[in-house]
Each structure stands twice: as structure tokens, then as C-alpha cells.
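Shown next, in C-alpha cells, is the structure this report addresses.
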Amino acid sequence: MTASDEIPDAEREALLTIVHGAVVTSGGVSVQRLLSTGTEFVLARGLDPVVYGVYALAWRIAQLLIRLVTFGSVPTLQRYLPAYEGDLGGQSRVAGLAYATTLGFGLLIAIGVWLAAPTINALTVTHPQFPTTMGLFGLLVGLVGLVMISAAVFRAVGSARGEVLFNKILRPAVRLGGAFLALALGYSVVGVAGAIVGATALLVVLGVPVTIRATGITPTLRGVPTEVRRFFNHAAPVAMSSLGKVFQNRIDLLLVGALLTAVAAGVYNVVLVLIAIAWIPLLSFNQLLPPVASDLYANDRMVTLNAVYSSITRLIVTAVVPILVVQAVYGRALLGVFGETFLRGYVPLVVYLGGVFVGSAVGATGWLLMMTDHQYARMALDWLLAVLNVLLTYVFVEAFGLAGAALGTSLAIAVQNGLQVLLLRRFEGLWPFDGTFFTPLGAGIVMGAVMIAVRAVVGGLPAVGVGTVAGLIAYVASVHALGVDPRDRLIVRELAGQYRTAIAERLPQ
1 MTASDEIPDA EREALLTIVH GAVVTSGGVS VQRLLSTGTE FVLARGLDPV
51 VYGVYALAWR IAQLLIRLVT FGSVPTLQRY LPAYEGDLGG QSRVAGLAYA
101 TTLGFGLLIA IGVWLAAPTI NALTVTHPQF PTTMGLFGLL VGLVGLVMIS
151 AAVFRAVGSA RGEVLFNKIL RPAVRLGGAF LALALGYSVV GVAGAIVGAT
201 ALLVVLGVPV TIRATGITPT LRGVPTEVRR FFNHAAPVAM SSLGKVFQNR
251 IDLLLVGALL TAVAAGVYNV VLVLIAIAWI PLLSFNQLLP PVASDLYAND
301 RMVTLNAVYS SITRLIVTAV VPILVVQAVY GRALLGVFGE TFLRGYVPLV
351 VYLGGVFVGS AVGATGWLLM MTDHQYARMA LDWLLAVLNV LLTYVFVEAF
401 GLAGAALGTS LAIAVQNGLQ VLLLRRFEGL WPFDGTFFTP LGAGIVMGAV
451 MIAVRAVVGG LPAVGVGTVA GLIAYVASVH ALGVDPRDRL IVRELAGQYR
501 TAIAERLPQ
């Protein structure tokens, strides 16, 4: 009997669906991170360090609000669009509620930001261009929310490509295009913000009709009274969880801006750009896991769900360890690309990587709580830790500066995800860990040793390229020597076969 014969069909199908979505998404997220990094590089080089700090603080505040503007609609689409499969009317009503909710909250946030911008400026960077920049980004929040809903509709119907195109490629591409155009025309930070808002508005105008045509789901508010209670019973606690998450792992930049300087805010923003790259594996594997988990849970296939959870979590760890090692070993050289000012971000970067490791090592705990109808438990946990994180991060920033901001956030991530793992085990009996998780950890130690040796011999930016290649070779060899799980072998073999066949069919005969 082969390894593939020992894996049940339902588990094999779920794994292949999720990992294929991760392959598609990882490419898209990598492009997204490349475009975002390019935007920060262009702005860090094109603006004065103080003005860049103004942009960085305004942009990060906008990103916090973007997490809230959909009011839980994105996870709710993942939960209920699959449940209405075959019922186009039900899907259209759910989509209509998601668009309407996002539009309404987007308008409220835009008004609130315009009114609050002068006060925020007085409490933080005290720069004359900040209020206008922040006000423009307030308009951006609702526009990005609408793009996110369009992408979420694609995701909920199982189309990783559509979600990746809108949310991972086009959204950061228009931001880079707007920023580059504004700088090329000689504008400062206010012009950059205005150009980004205009480019995103164009994406909304073009993107929503494309989503409707591609998915066949036309948003409507007809008959929504029958859906409102069910929709917001899921969306409201998720939205409150999102608000709590803001205070858990996004309060750091606000405190840096308030307690330190605009330059420090700019440095920390670049640290967050590099950290965003380290989150790629978790985001990629979580792309299609929510609808798959929702389907398995709805059909009471808990054994299969646990097996899928364990396999996907191990794959996330296997993928994230090399990224963490590269950034830890070569962080100074990577930060130096943005300028000498940003070298002071190395210690915060390394501290933050610890939080990324813990958050990735436990897998999709937050999504699984929501997909198994424990959204209220997650909301309560989010808010409990939000209060703790605000207090700890404030104390750490006062005591340790930039490194303290990273320490507070990393601790919040670690505690949050640790408790979520325990809740999943308590509520649903889900537990992902076994001895196979030591394989990528051991291989990561070997990879780090090789890269440190290369850094000692080569040095500078060339060491990043040479050391990364040598380290990855050592990592893959170590994983192979320590042993690969049969499920991982199956996934690689079957997906590789599918991709080879697809490529062969497209090549001219």
C-alpha cells in the first residue's frame, strides 16, 4: 500500500485544494510584497526622512482602519457564500450586504478621519502636511474596503486567482503607480496621498463590474431583511475582534509616532515592510483554508479537519523558517538598502520575527475559530489581550524605544495564538502538533549556520544573495535527510504532475 492510498480521499482533496490555493496565492502575495516594498523604497528615497515619517504614520493609521472598514464582511462571505452554493439569490443578498456595510462604514470613517486628523497631528508628529495627508487616506479606507469585498467574493467561491489579482496585485500596483507619478511630477506627501486615492478609485470603478461578470453574483439588497440577523450575528463579533486585533498588534506604530519621532516612525515602517514578507506563507495557506474548513465542519468531518489542519500548519512552518532565517542573519544589509537611517531598525526586526514565528507555527487558529462558529470566543479573547498589549507596549516603548514596540507586539501575537490553539483543542478537539514539526526547525538551524559562515566570508549585499542560495540548498537537503511526511510528498507529487500537464497542454505541439 502506498502513502497516497493511506490518505482518505476527502483529506487528499482538501489538502490539494488548499495547497494549490497557497501556490497561486504565494505568487500573488510575493508580487504584492514586492510592489509594497517598491513603494516604500521609492518614497523613502524620494522624500525627506521627516516627511517620509509623516507619510508612514498616516499610511499605517489608514491600514488599521482598513482592517475595520468591512465590519467583518470578509470572513462572513467565506462562511456563508459556500453555504448558499446553488442558490444565486442567497449569494447575491449576502454580497449586497457586504458591499453596503463596507460603503456605509467607509463613509463614516472618512468623515471621522477628516475631523480627527488635526488632533492626531498634535499628539504625534506635529507636521503641517499631516492633517491633509491623513484626511486623504481617510477617503482611501472605504475605497480599499470595496476592493477587498470584490476579492473576498472570488475567494469565497474558490477562485484564488481572482482574489490574488484584485487584492494582492492590482491594489498595491495602483498605490505604487500613484506614488511614483506624484513624485515624478514633483509633489510631496499630500500629492502622493491624493494620487494613491485617485488610482484606487479607478480600480473600484473597474473592478466591481468585473467581479459581477466573472462570478455571476450580482449584489442586491432585495430580500435582505431575511439575511440581516444571520449576517451580522457573524460579522459583528468578527468586526469587534478586528478592532481588538488593532490594539493587539498594530498599536506599536501609533505609540512610536506619539512617544518617539517622525524619523523613528519611518524606520519602524520599513521594519514592518520586511515583516510583511515573513507573513507570506501563513497568508498563502490561509487563502482557501476557511471555505474548506467551513465545509468540513458543516458536514461533521472533524477527523479530516484536524488532519488537514495539522498538515497545513506543518507546511506553513516549513515555508516560513527560511524567510525568518534570511531576515535574522541579513537584516542589517536589507535595512541598509533603504538608507543608513534605517539600520537602527535591526533589533526591532529580530524581536518582531519571534512573534511571526509563533503566529505562523500555530497555523490558522483565528480562521478556524470563526469557521467553527466560535467567533464570540475569539472576540472576547481579542479584547482581553488588546488591553494588555496597549499597556505592555506603552511601557516597552518608553523603556526600550523601537525595540520595545516590536517586543510588545510580538508578545501579543504569541499569547493570542497560544490561547487560540488551546481554545480550538477545548472546543473542537483540534490539535496540529506532532514530531514531524521538528524537521523544519532542525533544518533551519543548519541553514542559519551556513548563512552566518557565508556572511563572515563574503560580507555586504553580495552575502545576501550568495548566502541565501547556499542556505536554501542546505535547508532542503536537511529536510530531506531528516524525513518528509508522506502527506507532504503526496501533495508535491500530485500538484507537480498537474502543473506539468497544464504546461504541456499550453505548449505548441
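Under the numbering used here, the sequence shown has 472 at position 472, and the numbering climbs by one with no breaks.
Ideal Cβ placement from N, Cα and C applies to all residues, glycine included.
Are the CB atoms of V267 and R344 nearer to each other than 9 Å? yes
Among L385, L185, I275, V174, which residue has its Cα nearest to the Cα of G418? L385
Does the beta-carbon of V238 have 16 or more other beta-carbons within 10 angstroms, so that it is buried, or is it exposed? By the neighbour-count rule (16 or more Cβ atoms within 10 Å), V238 is buried.
Counting Cβ pairs, one atom from each stretch, are 3 or more of them under 8 Å apart for the stretch 305-316 and the stretch 429-449? yes
How far does the alpha helix (DSSP H) with T218 in it reach, from first residue to last? Secondary structure note for T218: it is in no alpha helix (DSSP H), with a DSSP letter that is neither H nor E.
So, is V476 buried or exposed, given that buried needs 16 or more other C-beta atoms within 10 angstroms? exposed
Could you tell me if N269 is buried or exposed, where buried requires 16 or more neighbouring beta carbons within 10 angstroms of its beta carbon? buried
For R425, which residues of its own chain have a beta-carbon under 7 Å away from its beta-carbon, when the five flanking residues on both sides are left out? W431
For G46, which residues from the same chain have a beta carbon less than 6 Å from its beta carbon, with the 5 sequence-adjacent residues on both sides left out? L183
Rounded C-beta distance between D382 and G244? I'm assuming under 8 Å. 3 Å
What residue ranges within the stretch 404-466 form continuous alpha helix (DSSP H) runs of no fewer than 4 residues, ordered along the chain? 438-457
Cβ separation of V450 and T318, assumed to be a contact under 8 Å, to the nearest whole Å: The pair is not a contact, with the Cβ atoms about 17 Å apart (cut-off 8 Å).
Own chain, CB closer than 6 Å to S241, minus 5 neighbours either side, in chain order: R378, M379, D382
Where does D48 sit, in a helix, a strand or coil, going by DSSP? coil
Examine the Cβ distances between the stretch 479-498 and the stretch 9-20 and report whether three or more of them are shorter than 8 Å. yes
Are the beta-carbon atoms belonging to L221 and R93 less than 9 Å from one another? yes
For Y187, report the span of its alpha helix (DSSP H) as first-last. For Y187, there is no enclosing alpha helix (DSSP H), as DSSP marks it with neither H nor E.
What runs of the alpha helix (DSSP H), each 4 residues or longer, lie entirely inside the stretch 34-120? As far as the stretch 34-120 is concerned, its whole alpha helix (DSSP H) runs of at least 4 residues are 49-69, 73-80.
Given 8 Å, three or more beta-carbon pairs between the stretch 107-115 and the stretch 30-37: no
To which residues of the same chain is A474 closer than 6 Å at the C-beta, ignoring the five residues directly before and after it? V446, M447, V450
Proximal residues to A414 (C-beta, below 7 Å), its chain only, five neighbours per side dropped: The residues are G355, V358.
Going by alpha carbons, who is nearest to R175 out of F41, N389, V24? F41
Kindly list the residues whose CB is nearer than 6 Å to the CB of G471, restricted to its own chain and excluding five residues on each side of it in sequence; keep chain order. Non-local C-beta neighbours of G471 in its own chain, meaning closer than 6 Å and more than five positions away in sequence, comprise M447, V450, M451, ordered along the chain.
Collapsed DSSP secondary structure at F338 in the structure displayed: coil
Rounded C-beta distance between Q420 and L369? I'm assuming under 8 Å. The distance from the Cβ of Q420 to that of L369 is about 6 Å, consistent with a contact at the 8 Å cut-off.
In whole angstroms, what separates the C-alpha of W367 from that of P290? 6 Å
Answer yes or no: does any C-beta atom of chain D fall closer than 9 Å to that of P237? The chain labelled as chain D is not found in the depicted structure, where only one protein chain is given.
Helix, strand or coil at S4 according to DSSP, with G and I counted as helix: Bear in mind that the predicted position of S4 carries a pLDDT of just 48, short of 50, making it unreliable; the figure below should be weighed with that in mind. Looking at S4 - three-state DSSP - the assignment turns out to be helix.
In whole angstroms, give me the CA-to-CA distance for G336 and A403. Those two C-alpha atoms are separated by around 17 Å.
Length of the line joining the Cα atoms of G53 and L143: 24 Å
DSSP three-state call for T133: helix, strand or coil? In the three-state reduction of the DSSP assignment, T133 falls in the helix class.
Spatial distance of V390 from D252 (CA atoms): Distance from the CA of V390 to the CA of D252, rounded to the nearest whole angstrom, comes to 8 Å.
Which of helix, strand or coil DSSP assigns to L254: helix
CA-CA distance, I7 and F438? I7 and F438: Cα-Cα distance of roughly 22 Å.
Leaving aside the five residues before and after L260 along the sequence, list all residues of the same chain whose C-beta is less than 6 Å from its C-beta, in chain order. none
Relative to the alpha-carbon of T70, which residue among A95, A56, D87 has its alpha-carbon at the smallest distance? A95
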